[in-house]
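Everything below concerns the one structure shown next.
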Amino acid sequence: MVITPLDFEFISTLIRGESAIVLDVGKEYLVEARLDPVVKSAGFASLAALVAELRHNGQGELRRKVVAALTTNETSFFRDLEPFNLLRSSVIPELIKKRESSRQLSIWCAAASSGQEPYSLVMMLKEAFPVLGNWQVSVLATDLCREVLERAREGVYTQFEVNRGLPVPYLIKYFEKQGGNWRIKQDLRKIIRFEELNLIKPFSGIFEMDLIMVRNVLIYFDVPTKSAILQKLRGVMRSDGFLFLGSTETTLGVDDHFERYVVGKGVCYRKKAS
Ligand SMILES: C[S@@+](CC[C@H](N)C(=O)[O-])C[C@H]1O[C@@H](n2cnc3c(N)ncnc32)[C@H](O)[C@@H]1O
Numbered sequence: 083m084v085i086t087p088l089d090f091e092f093i094s095t096l097i098r099g100e101s102a103i104v105l106d107v108g109k110e111y112l113v114e115a116r117l118d119p120v121v122k123s124a125g126f127a128s129l130a131a132l133v134a135e136l137r138h139n140g141q142g143e144l145r146r147k148v149v150a151a152l153t154t155n156e157t158s159f160f161r162d163l164e165p166f167n168l169l170r171s172s173v174i175p176e177l178i179k180k181r182e183s184s185r186q187l188s189i190w191c192a193a194a195s196s197g198q199e200p201y202s203l204v205m206m207l208k209e210a211f212p213v214l215g216n217w218q219v220s221v222l223a224t225d226l227c228r229e230v231l232e233r234a235r236e237g238v239y240t241q242f243e244v245n246r247g248l249p250v251p252y253l254i255k256y257f258e259k260q261g262g263n264w265r266i267k268q269d270l271r272k273i274i275r276f277e278e279l280n281l282i283k284p285f286s287g288i289f290e291m292d293l294i295m296v297r298n299v300l301i302y303f304d305v306p307t308k309s310a311i312l313q314k315l316r317g318v319m320r321s322d323g324f325l326f327l328g329s330t331e332t333t334l335g336v337d338d339h340f341e342r343y344v345v346g347k348g349v350c351y352r353k354k355a356s
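Residue numbers (this note's numbering): 83 to 356.
Have a look at this one:
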């Protein structure tokens, strides 16, 4: 299934407009491979026929499915580990100290994919900070892609997925066996609100976040988009809040109003005092 240059240009323009994801020339193989299942499930004879339909009838479910198919949803439990060490050793203890009077914490996992990241965070909080059991801890997890959010809400993971990064004691304590898979127990699932949110759209209803994790998604965007998103993130973060990015992502050279917060090998970002 080979895509023509014109069809590739049409798809990459559509994806950029809908999600800000940049698909440069050279990524034709990716578009072909990712759209092949959509071509088949929607009953098109070819990728060219699917693109022709999108050109004619650009809105609606097909368009959404094409965008979803071209998102990269790679994730794992306790991905990269170091951010979770930094949260455990410094960030959460500091937030607990600062919010002692209100006993409230607001956490947002943006681009949460199929949920491993917010579930890792919540498991870590339960294990390391039992004091938070008496606090009001709100955890919002969002993503652009409806399909991954449905998986996240279900909280069902394969043996392969739980083998990637999840400590065995956590598996035993927080999951139950479901056939050949593992499901997060309900009391953990109900802590997290999963909602659809596109980072290039306004962050409606989100404000005063103490902790934001937006990891391994800015890499897909161009610099002006990264900069616009970081500016919006600043707008919904408390002045003494914390921002975590992916290990290959940075605010440096993109948004000068953040400063690095480094402890050992762990790095996150805080708003500079204005
Ligand atoms: C590689 S995953 C990262 C998942 C998780 N944060 C991690 O680090 O393991 C990137 C996620 O970003 C989402 N995404 C891509 N573009 C987005 C956008 N414009 N708004 C919100 N989410 C987006 C994708 O659907 C995907 O689930």
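We treat Cβ as the ideally placed atom computed from N, Cα and C, and that holds for glycine.
Counting along the chain, where does the alpha helix (DSSP H) carrying residue i start and finish?
i: residue 274; result: No alpha helix (DSSP H) contains residue 274, which is instead part of the beta strand (DSSP E) from 274 to 278.
i: residue 236; result: 228 to 236
i: residue 148; result: 143 to 151
i: residue 269; result: 268 to 271
i: residue 127; result: From DSSP, residue 127 is part of no alpha helix (DSSP H); its letter is neither H nor E.
i: residue 176; result: 174 to 180
i: residue 160; result: From DSSP, residue 160 is part of no alpha helix (DSSP H); its letter is neither H nor E.
i: residue 210; result: 198 to 210
i: residue 93; result: 87 to 101
Could you tell me whether any Cβ in chain C is nearer than 9 angstroms to the Cβ of residue i?
i: residue 341; result: This model lacks chain C altogether; it includes just one protein chain.
Could you give the first and the last residue of the continuous beta strand (DSSP E) run that contains residue i?
i: residue 298; result: Careful: residue 298 lies outside any beta strand (DSSP E) and carries neither H nor E.
i: residue 314; result: It is not in any beta strand (DSSP E) - residue 314 instead sits in the alpha helix (DSSP H) that spans 305 to 317.
i: residue 118; result: Where residue 118 is concerned, there is no enclosing beta strand (DSSP E), although the alpha helix (DSSP H) it sits in stretches over 110 to 123.
i: residue 258; result: 257 to 260
For residue i, which residues of its own chain have a beta-carbon under 6 angstroms away from its beta-carbon, when the five flanking residues on both sides are left out?
i: residue 205; result: 252, 256
i: residue 219; result: 187
i: residue 292; result: 177, 187, 188, 320, 323
i: residue 116; result: 151, 152
i: residue 121; result: 129, 132
Who does residue i pair with in a DSSP beta bridge?
i: residue 353; result: 340
i: residue 190; result: 222, 294
i: residue 239; result: 264
i: residue 327; result: 296
i: residue 345; result: 348
Residues in its own chain within less than 7 angstroms of residue i by CB, not counting five upstream and five downstream?
i: residue 85; result: 110, 113, 114, 129
i: residue 330; result: 301
i: residue 217; result: 185, 186, 187
i: residue 90; result: 110, 113
i: residue 234; result: 194, 196, 197, 223, 276
i: residue 345; result: 168, 171, 172
i: residue 231; result: 225, 276, 278
i: residue 164; result: 347, 348
i: residue 339; result: 316, 353, 354
i: residue 260; result: 238
Quick one: what's got a C-beta closer than 8 angstroms to residue i's C-beta in the same chain, skipping five residues either side?
i: residue 228; result: 146, 150, 278
i: residue 262; result: 240, 241
Specify whether the stretch 343 to 352 and the stretch 166 to 174 touch according to this definition: at least 3 beta carbon pairs, one from each stretch, less than 8 angstroms apart. yes
Taking 8 angstroms as the threshold, find out whether the stretch 331 to 342 comes into contact with the stretch 147 to 166 through three or more Cβ pairs. no
Just checking, does the stretch 304 to 316 make contact with the stretch 279 to 293 on the three C-beta pairs under 8 angstroms criterion? yes
The stretch 132 to 142 / the stretch 101 to 108 touching (three or more Cβ pairs under 8 angstroms): no
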